[in-house]
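Scroll down for the structure; my scribbles are underneath it.
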Amino acid sequence: TTRSREMDEPSLGADALAALQDILGESALGGDLSEFAALLSARRAAADSSDEDESGEGDSDTAPGDDSGRQPGESHADYYRRLYPERFAEEDTAAQAAAEAPVTEPLALVTIEDEYVQNLVLKAFERRPHWRVCTTVPAAAEGADMDESLEPYDLHWGEYEHLEFFSPRFAAGNFMASCYYNRKGLIRKGHLAHIMEKWRTKNPDKAPLAPKSYILTLESGKENDLDTSFPAALARSSFPGFNEGQGAGEARDVVDDGNVWILKPSVTNQAQGICLVRSEAQLREAIERADDMQRAGDFVLQQYLEPLLLDGRKFHLRVFMLLVGNLTAYVSPDFLAIFSLEQYAGASLDETRAHLTNISHQQVLSLEDQHRCMRLFAETAPDMMAAGVAADEAEANERIAAVQERVFAIVADMVAAASSELTFQTRKNCFELFGLDFMIDPEWGVWLLEANAEPDLSKAGDRLQGVIDDILQDTLKLVVDHNPRFPSTAEAAAAPVRLREVYQRAGRAW
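Every position in the sequence shown, counted from 1, becomes a number in our numbering once 5 is added.
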């Protein structure tokens, strides 16, 4: 074949054809070697033209071998579709038909294990009488085939494990799924920390999105041999070390000297396995206490930032984000402020309820505790004035609005960074709600702490149920009512959406 290229022959050499015939057999080549050789030669010529075009030889606006030429600004994908329309006709026709085919009697499958959220979603569908609803969990969710006992559905809002990701109907985009199949880049603490550190490196002139973090990974198979694996993991992480001079390294009662770090197993939730450390010895002890699953994953060692205090207590913001399709990000403007029930001042590192504000980590024993533990961020203006961090209600509301805008900007940058990684892959027929956690420092800096899939919406309780209901209603407005495939009333299609659009990925040629 090389010799044929050099001689610019219009067909393959006889030796090459004979070898192909010996390997493939007479029937495979159909007995017509000249036709087969001409076909391969034509494909080779097209490949040569493509190579020349990619290498920049010749006129950049003209594709060799194409009389019409590639138009200025025309992508290679569009150029070849125009040049060889017959090759893509069947694919384009099928894709267009699937995308545009209207559904007259859509069926939703709702299989959420949390009864609180399940009832809210069912209630949301009751406002859409043209939708039918089924609550049967598919039996074939883990297999490649659909559950044949179920009528083909058009939307599935359920647990990640219930979604039939490997079915042909999902691959064809025939139903909307309430989770993305691969979103580790967002929800795994180690993956997100890595992405945020890359963003920090690429944007040195911008305020960082998240606290400084280092990733510790124990060598596979040596997770229990910490004498060997721990020093190696610490060295690979590039962590500069603790300031342990003058005995400060072992103290457990001071957190304002900048030498405290928070250790988070990458695969954990509800604050399990999270602790504060200020020395290498404490760090190793914390990893020793971790269970086998946590040691098999990454650990994130994140700088512990001094928090803004209201009523003398630490708090964080829970922000709900909706991702739709490929890819638009929305954020609910109703931030939740989740407080520790313990006073922060004087708390040692071991008094974790003062430092870890996850609501499942607090002792909520009454309705009064529930209100002290969680309320709308917009309701904290009186707390800001009482704490002296805002002079009056007007300044407090300005602070709240500024924090909101900063959160919107951080989410946009986070989604842009994560969606460019292989650890987060989007699809047109997916949507998903996430719970994001942020904290505010005493200088009103805003920091992203982590992202959580399938957030526990029931923790909002009865008092804040309206907030969750609005988020679910807006989700269906964006996913269902605004989707031309599904029937919708004029009133539903025109209904305002409170979720704030903060990011939309530009279309890609490929």
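Glycine included, C-beta positions come from ideal geometry on N, C-alpha and C.
Considering residue i, what are the terminal residues of the beta strand (DSSP E) in which it resides?
| i | result |
| --- | --- |
| R323 | F320 to V329 |
| S218 | S218 to T222 |
| V282 | C280 to V282 |
On the DSSP bridge assignment, give the partners of residue i in chain order.
| i | result |
| --- | --- |
| G163 | T116 |
| C139 | L114 |
| D442 | R323 and E455 |
| I476 | Beta-bridge pairing links I476 to no other residue. |
| C435 | A182 |
| Y335 | L327 and E506 |
| D303 | T222 |
| I381 | According to the sequence shown, residue 381 is Leu rather than Ile. DSSP output for L381 lists L341 as bridge partner(s). |
Which of the three DSSP states, helix, strand or coil, is assigned to residue i?
| i | result |
| --- | --- |
| Y186 | coil |
| V122 | helix |
| W449 | coil |
| Q76 | coil |
| Q430 | strand |
| E131 | helix |
| L214 | coil |
| G252 | With a pLDDT of 47 at G252, under the threshold of 50, the modelled position of that residue is not reliable, and no figure is offered here. |
| A342 | strand |
| T270 | According to the sequence displayed, residue 270 carries Pro and not Thr. The answer is strand: DSSP assigns P270 an E or B state. |
| Q308 | strand |
| F361 | One point to set straight first is that residue 361 is Leu, not Phe, in the sequence displayed. L361: coil per DSSP, three-state reduction. |
| L168 | coil |
| L313 | coil |
| A500 | coil |
| Q277 | coil |
| L191 | helix |
| Q375 | helix |
Taking Cβ positions, are residue i and residue j nearer each other than 8 Å?
| i | j | result |
| --- | --- | --- |
| Q430 | N179 | no |
| I415 | V305 | no |
| R289 | L231 | yes |
| D374 | V472 | no |
| Y185 | R432 | yes |
| F443 | W449 | no |
| R503 | D475 | yes |
| R300 | L223 | yes |
| F244 | N264 | no |
| D418 | L310 | no |
| L477 | L125 | yes |
| M181 | F439 | no |
| Y335 | A421 | no |
| L112 | D159 | yes |
| H135 | P489 | no |
| L2 | H360 | This structure does not reach residue 2, given that the chain is present from 6 up to 515, and the question cannot be answered. |
| T480 | L328 | no |
| M389 | R377 | no |
| L354 | L341 | no |
| S463 | Y84 | no |
| E423 | L127 | Rather than Glu, the amino acid found at residue 423 in this sequence is Ala. Cβ atoms of A423 and L127: not closer than 8 Å. |
| P270 | A295 | yes |
| G317 | Y349 | yes |
| L235 | I292 | Leu is not the amino acid found at residue 235; the sequence shown has Phe there. Yes; because the gap between Cβ atoms is below 8 Å, this pair is in contact. |
Counting only beta-carbon separations shorter than 8 Å, does residue i have a partner in chain C?
| i | result |
| --- | --- |
| S353 | Absence of chain C from the displayed structure is noted, only one protein chain being present. |
Just curious, the alpha helix (DSSP H) that residue i is in, first and last residue?
| i | result |
| --- | --- |
| L197 | K194 to K207 |
| F175 | P173 to A176 |
| H487 | Element bounds for H487: n/a, residue is neither H nor E. |
| D418 | E398 to A423 |
| D355 | Premise fails: D355 is in no alpha helix (DSSP H) and is neither H nor E. |
| S234 | L231 to S242 |
| Q287 | E285 to R294 |
| P387 | A386 to A392 |
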